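Here the structure comes first, spelled out in structure tokens, and everything after it is commentary.
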Amino acid sequence: MADETPAAYTLPTEREHPFDPNADLTRLRDTEPVARLAFPDGHLGWLVTKLSTGRAVLTDPRFSARPQLLHFPVEPPLPPRPEPPRPGWMSRMDPPDHTRYRELITAEFSTRRLRRLEPRAAETAESLLDEIELAGPPAELVGAYALPIPSLVISELLGVPEAEREEVRCHTQALARPTTGPDEAAQIVRALGEYVRGLVGRKRAEPGDDAMTGLVAGGRLTDEEMANIGALLLITGHQTTAHMIALGVYALLYHPEQLEKFTANPASADRAVEELIRYLAVVETGISRAALEDVELEGRLIKKGETVTVWISTANRDPEVFENPDTLHLERTASGHMSFGYGVHQCVGQQLARLELRVAYTCLFNRFPGLRLAVPADEVPLRAAGAVHGVESLPVIW
């Protein structure tokens with residue numbers, strides 16, 4: 143019989159090391175992989191810290207992604223979500239609504255389009271590096287390099303005119319700041335939606351070879367749906383990748399023996415990027431789902447209405463899946479991690495993110511082979527709050 147009365151834990155939020163999950167959460171994974179969790183709003187839900195169990199939750203249709211059913215393990219980083227979700231905001235929907243949107247969006251992230259986008263991503267990175275080199279050392283890589291690249295690349299994918307990309311970038315970067323409050327965040331989301339609605343009208347009048355034109359030409363979405371999809375892609379296509387770029391550079395500079403492997407073998411860049419994604423797991427708030435009915439999980443009874451949060455950083459360090467999981471090893475095969483989620487909600491833009499990371503790391507270390515931290519490694523400031531783990535700034539010299 144399932145155990146219905148385990149002790150409830152409070153989620154620890156501090157990291158003892160910038161690249162590792164909290165040690166208490168690691169111990170939970172090894173001793174109690176499905177643990178009772180006390181949420182900030184008083185809800186008693188569950189925390190899953192093991193990879194196989196996390197996969198089971200994220201592929202089980204008895205668990206819902208609808209935010210009106212969920213409680214959050216940390217204070218929500220964005221304003222309260224509407225009920226039901228905005229049309230097109232597929233990350234907050236279950237099938238079949240989610241399935242319809244996902245199929246249409248996935249078609250616009252085609253291999254052909256991403257291959258064509260890679261040279262443009264490299265041009266973007268090289269242009270930013272030109273500015274950094276011209277200004278001379280020291281440089282602060284978060285603002286000058288990591289944050290701009292994903293915003294500019296997703297703008298290229300969606301067909302945002304070059305003259306308007308700085309405006310979009312300012313919105314997405316403001317949304318990524320930990321100090322941005324709910325009211326300001328709501329205004330930014332509205333502004334992005336209004337901008338994309340206008341872009342939809344222009345793509346209808348003057349089609350291009352871009353993802354937004356593809357959605358317009360498909361004729362299966364309303365303007366409101368396309369505006370919300372565009373805003374969602376601009377937001378989600380920016381934050382995680384931007385902070386992954388910066389945190390990945392920090393990790394490579396922190397582990398010079400791994401950086402040497404990266405620069406010595408450019409052909410293995412894809413494998414190195416995959417390991418960095420596994421090792422760093424920048425999604426700080428996990429992935430939450432609400433039970434639609436009673437479910438037994440690893441001997442625990444999850445009751446209807448209870449929230450289950452899957453903790454990505456501990457799942458990605460599961461020793462049952464990865465040998466020496468707490469070690470950054472760029473030559474390992476790191477496939478199977480959960481940094482992009484799992485199941486029907488697995489990140490639709492994951493191949494774009496991999497492309498951006500590969501380009502960002504390769505261009506940076508090709509340009510500055512002597513790159514190093516400008517401060518002691520333990521003085522690099524971490525983000526104090528927010529949905530995405532990373533660094534506030536990354537001062538470097540060369």
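Position in the sequence shown (first residue = 1) + 142 = the numbering used here.
Positions of the beta carbon are idealized from the N, C-alpha and C atoms, including for glycine.
Owing to the predicted nature of the structure, the values given are computational and were not obtained by experimental measurement.
Less than 8 Å between the beta carbons of residue i and residue j, yes or no?
i	j	result
I296	T266	no
V176	E440	yes
H134	V486	Summary: the structure shown does not reach residue 134, with the chain confined to residues 143 through 540, and so no result is reported for it.
G187	L179	yes
T446	D460	Note that residue 446 corresponds to Lys in the displayed sequence, not to Thr. Their beta carbons are not under 8 Å apart, which means K446 does not touch D460 by this criterion.
Y392	V517	no
I274	T314	no
Y337	V358	no
F205	L434	yes
E416	A476	yes
L294	A353	no
E473	R413	yes
L289	A384	yes
T382	V530	yes
L256	L497	yes
V452	G196	yes
H213	T456	no
L494	G350	no
E426	G528	yes
M235	A207	yes
T201	Y484	yes
E260	V501	yes
L246	G360	yes
So if DSSP puts residue i in a beta bridge, which residue, or which two residues, is it bridged to?
i	result
L524	V533
G187	L179
F205	A433
A281	V538
R514	I539
T152	A180
Can you tell me the Cα-Cα spacing of residue i and residue j, whole angstroms?
i	j	result
L395	L506	12 Å
I387	L499	6 Å
L422	A406	22 Å
P467	P238	36 Å
N370	V302	15 Å
E366	R344	14 Å
R262	E174	47 Å
S142	L189	As shown, the chain starts at 143 and ends at 540. That puts residue 142 outside it, with no answer to give.
G184	L363	39 Å
L283	V538	7 Å
E462	R420	14 Å
T155	I454	14 Å
M480	L341	34 Å
L515	F181	38 Å
N164	L418	18 Å
L470	Y503	16 Å
M232	Y243	6 Å
M143	R171	Unreliable placement is indicated for M143, whose pLDDT of 47 sits below 50; the coordinate value is still reported in the next sentence. Roughly 21 Å separates the two Cα atoms.
V522	E402	21 Å
R553	S269	Nothing in the structure corresponds to residue 553, since the chain is present only between 143 and 540.
G278	A264	21 Å
G428	R442	20 Å
D166	C489	28 Å
A432	I444	9 Å
L375	E306	16 Å
D520	H397	13 Å
How would you call residue i, buried or exposed, if buried means at least 16 neighbouring beta carbons within 10 angstroms?
i	result
T152	exposed
L276	exposed
A149	exposed
Q210	exposed
L524	exposed
G559	There is no way to answer for residue 559, as the model of the chain reaches only from 143 to 540.
G372	buried
P224	With a pLDDT of 48 at P224, under the threshold of 50, the modelled position of that residue is not reliable, and no figure is offered here.
R600	There is simply no residue 600 to check, as the chain begins at 143 and stops at 540 in what is shown.
T248	exposed
T253	exposed
N508	exposed
A409	exposed
P226	exposed
T168	buried
P203	exposed
E250	buried
G335	buried
Can you determine whether any heavy atom of the ligand NAP sits closer than 7 Å to the C-beta of residue i, and answer yes or no?
i	result
E426	Looking at this structure, you won't find the ligand NAP or any other ligand, since it has none at all.
Counting only C-beta atoms, is residue i closer than 8 Å to chain D at any point?
i	result
P461	Protein chains in the displayed structure number just one, and chain D is not present.
Complete beta strand (DSSP E) runs within the segment 406-475 (minimum length 3 residues, chain order):
429-433, 437-439, 442-444, 449-452
Along the chain, which unbroken stretches of the alpha helix (DSSP H) at least 4 residues long are found entirely within the segment 306-353?
307-318, 324-347
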